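See below for the structure under consideration.
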């Protein structure tokens, strides 16, 4: 089905006008002239013989390395870095949110997956939303709250793999919370954006706007309430958060403001160890966590694209971008229908990752024009976020992602605790019969996904790309950049990115117009024009292309390579 001439003309006019006045939208477009590598590369890969860390904030990277130099392993380092990121980058994560991780354990030579996401309040029902006229769960306030799982996730990881005592692991975050840290540039930008949206939410201003405005770039910001909370957790353990005074404070504050998240909800929380699932792409095994996350969407995209000669198409080509976007649409249609809490609705994961199924779905792609709407398949069946990665001298590697969901979450900030509660419950559907429909005690669909790559049974790469529905698209693009286009680890993240929005969603929305493509600066005007001529709608966007961190293990030389997102404030470093 083709677009009307009017639609095509409008799309071209809008895109060309924006393109004509385009300023550099990402560091990849303004990379310095380098004598090695691709023109969009911002810097070399970091390299080190013993350990590596990559995070979105420099202090967190340094803390991870310090912990490993003090005798801690990659798991200790990941927890320490995550704790600090909750302080220095609360615009993306914190102990009011959820956590997922994939760990390569050097002792057992195995991968382990942890789902540390929380569940909806037991006292809140679908009927409440229906009777009060909601067609979707609101983004802010007390209604989208679910149990924050991050702290329990830390202790699960630590109990299974950690080496240093938790007091030592959390000590850097506690110190910086008391003494203060300078706010970095990108985080300051998101601070300002969040103030306009959630500055009026209960308790928020007292912690994050003590002088009436959000912290500015370079300002030394302190959060003594968070320091006290982390200190209590370090000394008393995870039960202090879920069954002690912290839990009581959360429950009482939420109830005071008309919410449903209760002490019993917190006390009953537990994380789940899950088996990561893999799919092979041109000789490399990509590992993701199964639903309720969206990780297998990246694998579905790659399984579909494996049926095409991507390398021959070329990176900056309308042919590659078109096929990528059409594969994404197909994968996301399945994502909208099947991905949900497996305790309530069992997604056919094996069937969704079946290679024959992927070949069948690939056959639906029209190479000449975009699909305006697609249907979910029938797979064969049987019965704002942070990402960080660490690796140590023993060979342990951690891929960890943690989030409040929308920026600073719900905005609800319980008195005296120093952190906001997530709004992950917004991602439930309110459509009766939907796999992801709201139910008491249910985990919502989750966007945050850690990734891991092995080859011939050996650990090769831990990586992730933060950013909502951006994530599976970028997981796939990173591997395509590495495998099909021969980029190095840093270049694979610096390369301009393709983002498609408007697909059907697990919250109930359906795609009817083919959605919209946003391309970072760095793709040529000729490629953009060809996409518009094919019938795609292009729309410029600043900022939603995700945040990448990665570590690669070079087994031949026994060294680590590290790469970090040029679009964020952080870096990769090692020793």
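In mature numbering (1 follows the signal peptide of the UniProt record, and there is no 0), the protein residues as written are -31 to -1, 1 to 544.
Every residue, glycine too, gets a C-beta built ideally from N, C-alpha and C.
Only a predicted model underlies this, so the values are computations on that prediction, with no experimental measurement involved.
Report task. Return yes when the C-beta of residue 196 is under 7 Å from any heavy atom of the ligand ADP, and no when it is not. Result -> As far as ligands go, the structure on display features none, and thus does not contain the ligand ADP.
Query raised in the report: Does the distance from the C-beta atom of residue 300 to that of residue 273 stay below 8 Å?
Result: Within the chain shown, residue 300 is the residue found at index 331, counting from 1. Within the chain shown, residue 273 is the residue found at index 304, counting from 1. Closer than 8 Å, so yes.
Query raised in the report: Is it a yes or a no for the stretch 407 to 423 touching the stretch 58 to 78, going by three-plus beta-carbon pairs under 8 Å?
Result: yes
Report task. Please determine, among 173, 266, 255, 368, the residue with the shortest C-alpha to C-alpha distance to residue 126. Result -> The count along the chain shown starts at 1 and reaches residue 126 at position 157. Checked all of 173, 266, 255, 368; the closest Cα to residue 126 is 368.
Requested in this report: Run the CB neighbour count on residue 297, radius 10 Å, all protein chains shown included, and call it buried at 16 or more, exposed below.
Outcome: Looking up residue 297 in the chain shown gives position 328. Buried, by the Cβ-count rule.
**Report entry** Straight-line gap, residue 111 to residue 56 (C-alpha atoms, nearest Å)
**Finding:** In the chain shown, residue 111 corresponds to position 142, counting from 1. In the chain shown, residue 56 corresponds to position 87, counting from 1. Their backbone Cα atoms lie some 22 Å apart in a straight line.
Query raised in the report: Among the residues of its own chain, which have a CB less than 6 Å from the CB of residue 530, if the five just before and after it don't count?
Result: Your numbering for residue 530 matches position 561 in the chain shown. Around residue 530: 14, 16, 458, 521.
Query raised in the report: Quick one: what does DSSP say residue 507 is sitting in, helix, strand or coil?
Result: Taking the first residue of the chain shown as 1, we reach residue 507 at position 538. Strand at residue 507.
**Report entry** Of the residues 214, 20, 524, the one placed nearest residue 46, counting alpha carbons only
**Finding:** Looking up residue 46 in the chain shown gives position 77. Among 214, 20, 524, the Cα nearest to that of residue 46 is on 20.
Report task. Tell me, please, which residues DSSP counts as bridged to residue 150. Result -> As a first step, residue 150 is located in the chain shown; it is residue number 181 there, counting from the start. Residue 150 pairs with 190.
Query - Under 8 Å between C-beta atoms of residue 361 and residue 29 - result: The residue you call residue 361 lines up with position 392 of the chain shown. The residue you call residue 29 lines up with position 60 of the chain shown. No, the pair does not count as a contact, with Cβ atoms beyond the cut-off.
Report task. Please work out which residues of its chain come closer than 8 Å, Cβ to Cβ, to residue 394, disregarding the five sequence neighbours upstream and downstream, and give them in chain order. Result -> By one-based count along the chain shown, residue 394 stands at place 425. These residues qualify, in order along the chain: 89, 106, 112, 113, 114, 115, 407, 413.
Query - Identity of the residue in 400, 239, 11, 354 nearest residue 540 by Cα - result: Mapped onto the chain shown, residue 540 falls at position 571. Closest option to residue 540, Cα to Cα, is 11.
Query raised in the report: Under 8 Å, do residue 176 and residue 192 count as touching if we go by C-beta distance?
Result: In the chain shown, counting from the first residue as 1, residue 176 sits at position 207. In the chain shown, counting from the first residue as 1, residue 192 sits at position 223. Yes, Cβ-Cβ distance for residue 176 and residue 192 is below 8 Å.
Report task. Give the straight-line distance between the Cα atoms of residue 225 and residue 324, rounded to the nearest whole angstrom. Result -> Taking the chain shown and counting its residues from 1, the one referred to as residue 225 is at position 256. Taking the chain shown and counting its residues from 1, the one referred to as residue 324 is at position 355. If I take the Cα positions, the gap works out to 52 Å.
Query raised in the report: Just how far apart, CA to CA, sit residue 535 and residue 95?
Result: As a position in the chain shown, residue 535 is number 566, starting the count at 1. As a position in the chain shown, residue 95 is number 126, starting the count at 1. Approximately 42 Å, taken between the alpha carbons.
Report task. Please classify residue 426: is it buried, with 16 or more other beta-carbons within 10 angstroms of its beta-carbon, or exposed? Result -> Against the chain shown, residue 426 aligns to sequence position 457. That one is exposed.
Query raised in the report: Under three-state DSSP, which class holds residue 348?
Result: Numbered from 1 along the chain shown, position 379 holds the residue referred to as residue 348. Residue 348: coil per DSSP, three-state reduction.
**Report entry** Secondary structure of residue 326, DSSP reduced to three states
**Finding:** Residue mapping note: residue 326 aligns to position 357 of the chain shown, counting from 1. Looking at residue 326 - three-state DSSP - the assignment turns out to be helix.
Query raised in the report: Alpha carbon to alpha carbon, what distance is there between residue 514 and residue 18?
Result: Walking along the chain shown from the start, residue 18 turns up at place 49. Walking along the chain shown from the start, residue 514 turns up at place 545. Going by the C-alpha atoms only, they are around 31 Å apart.
Query raised in the report: Start and end of the beta strand (DSSP E) containing residue 517?
Result: To locate residue 517, count along the chain shown from 1; it is residue 548. Run containing residue 517: 516 to 523, per the beta strand (DSSP E) assignment.
Report task. Indicate the three-state DSSP secondary structure (helix, strand or coil) for residue 106 in the structure shown. Result -> As a working mapping, residue 106 is identified with position 137 in the chain shown. Correct three-state label for residue 106: coil.
Query raised in the report: What does DSSP give as the partner residues of residue 81 in its beta bridges?
Result: By 1-based counting over the chain shown, the position of residue 81 is 112. Its beta-bridge partners are 72.
Query raised in the report: Can you tell me whether residue 332 is buried or exposed, with buried defined as 16 or more other CB within 10 angstroms of its CB?
Result: Counting from 1 along the chain shown, the entry for residue 332 is found at position 363. Residue 332 comes out exposed.
Requested in this report: From the DSSP output, in three-state form, read off residue 113 for me.
Outcome: For the purposes of this step, residue 113 is taken as the residue at position 144 of the chain shown. Coil, per DSSP.
Report task. Have a look at the DSSP bridge pairing and note the partners of residue 490. Result -> Reading the chain shown from its first residue, position 521 is the one you call residue 490. DSSP lists 492 as partners of residue 490.
Query raised in the report: Would you report the Cα separation of residue 305 and residue 265, rounded to the nearest angstrom?
Result: To locate residue 305, count along the chain shown from 1; it is residue 336. To locate residue 265, count along the chain shown from 1; it is residue 296. Roughly 12 Å between the two C-alpha positions.
Query raised in the report: Can you tell me whether DSSP reads residue 249 as helix, strand or coil?
Result: Taking the first residue of the chain shown as position 1, residue 249 is located at position 280. If DSSP states are grouped into helix, strand and coil, residue 249 belongs with the strands.
Query raised in the report: Quick one: is residue 240 near chain D, going by C-beta distance under 8 Å?
Result: Considering every chain present, this structure includes no chain D. It has just one protein chain.
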